[in-house]
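Just below is one structure, and these are the notes that go with it.
Numbering (UniProt numbering), first residue to last: 1 to 281.
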């Protein structure tokens with residue numbers, strides 16, 4: 001539309017409340033409908049009357065395809081068309097190709113990139129939830145790769161040691177019941193532990209419990225299949241929503257804190273404070 005260029009001349013070159021500038025002269029966009037997060041004419045959801053993006057429901061993690069067309073510009077409450085995507089990654093890519101068959105290649109490519117990233121995030125969220133349920137404690141989601149590998153190695157060694165200890169405990173209890181140690185306490189005779197350990201090494205009972213591992217894998221596969229069946233419901237349904245739905249000031253504030261940058265209106269206030277002698281850290 002002719003108004004798209006006019007809108008971009010105003011918000012792209014002058015003032016926009018979604019614009020964030022960093023110390024490295026980079027400009028980002030805080031609008032939740034922006035498909036790339038960059039403040040450019042192609043990526044701007046406000047200055048393009050024909051636009052497409054991918055978003056995830058923060059409550060359920062369901063991924064949706066959002067479409068904005070010129071034909072619904074006279075209905076702001078129904079300007080965006082929301083289509084639920086399949087939890088299956090290949091089917092979701094096929095849905096995007098079918099819905100955006102005549103759309104610009106830039107939007108198609110960026111929507112697929114965003115779908116890939118959101119799918120990876122959902123997989124990691126489910127994995128962390130399973131770990132938290134198994135351990136009974138909250139895990140730290142952000143760990144350096146080196147620290148994460150080190151913790152995984154420690155967990156594997158701890159699991160192996162725990163299985164060996166359980167096997168030792170079972171053998172000691174059986175021998176105690178059979179009267180192999182008489183009436184003397186087990187802790188008095190340290191050679192008992194050495195004998196049991198050598199016996200386990202020879203018999204191979206101290207190895208990994210394969211039956212337990214298979215049971216854990218079966219439970220994980222069953223949970224994954226159940227999740228896909230639940231999320232398959234309503235795939236492809238079309239809804240019409242407003243572009244003001246679900247905006248949160250807290251999310252924007254968190255984004256500013258993470259970026260360490262300021263919006264244009266905050267820059268002007270900082271300059272006024274510095275002139276008056278106050279310095280904002």
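Ideal Cβ positions, reconstructed from N, Cα and C, are used throughout, including at glycine.
All of these numbers come straight from a predicted model, not from anything done at the bench.
Contact check, residue i vs residue j, beta carbons under 9 Å
i	j	result
residue 84	residue 65	yes
residue 240	residue 32	no
residue 52	residue 63	no
residue 28	residue 21	yes
residue 68	residue 98	no
Span separating the alpha-carbon of residue i from that of residue j
i	j	result
residue 54	residue 7	23 Å
residue 146	residue 102	45 Å
residue 108	residue 124	25 Å
residue 58	residue 178	59 Å
residue 50	residue 18	19 Å
residue 40	residue 12	8 Å
residue 26	residue 37	11 Å
residue 78	residue 242	5 Å
residue 208	residue 42	Per-residue confidence for residue 208 stands at a pLDDT of 42, beneath the threshold of 50, marking its modelled position as unreliable; the derived number appears in the next sentence. When rounded, the distance between both Cα atoms is 55 Å.
residue 34	residue 168	59 Å
residue 130	residue 236	29 Å
residue 89	residue 106	20 Å
residue 121	residue 150	22 Å
residue 61	residue 113	17 Å
residue 128	residue 71	43 Å
residue 133	residue 163	20 Å
residue 170	residue 157	20 Å
residue 76	residue 118	27 Å
residue 94	residue 173	59 Å
residue 143	residue 159	21 Å
residue 73	residue 3	12 Å
residue 126	residue 166	29 Å
Neighbour-count burial assignment, residue i, 16 or more Cβ in a 10 Å radius
i	result
residue 10	exposed
residue 92	buried
residue 87	buried
residue 110	buried
residue 135	exposed
residue 283	Nothing in the structure corresponds to residue 283, since the chain is present only between 1 and 281.
residue 115	buried
residue 30	buried
For residue i, three-class secondary structure by DSSP
i	result
residue 111	helix
residue 13	coil
residue 285	Since the first residue shown for the chain is 1 and the last is 281, residue 285 is missing from the structure and cannot be characterised.
residue 103	coil
residue 52	strand
residue 124	helix
residue 164	helix
residue 79	coil
residue 239	strand
residue 22	coil
residue 64	strand
residue 27	strand
residue 209	At residue 209, the pLDDT of 45 sits below 50, so the modelled position is not reliable; the number obtained from the coordinates is stated separately. Reduced to three states, the DSSP call for residue 209 is coil.
residue 38	strand
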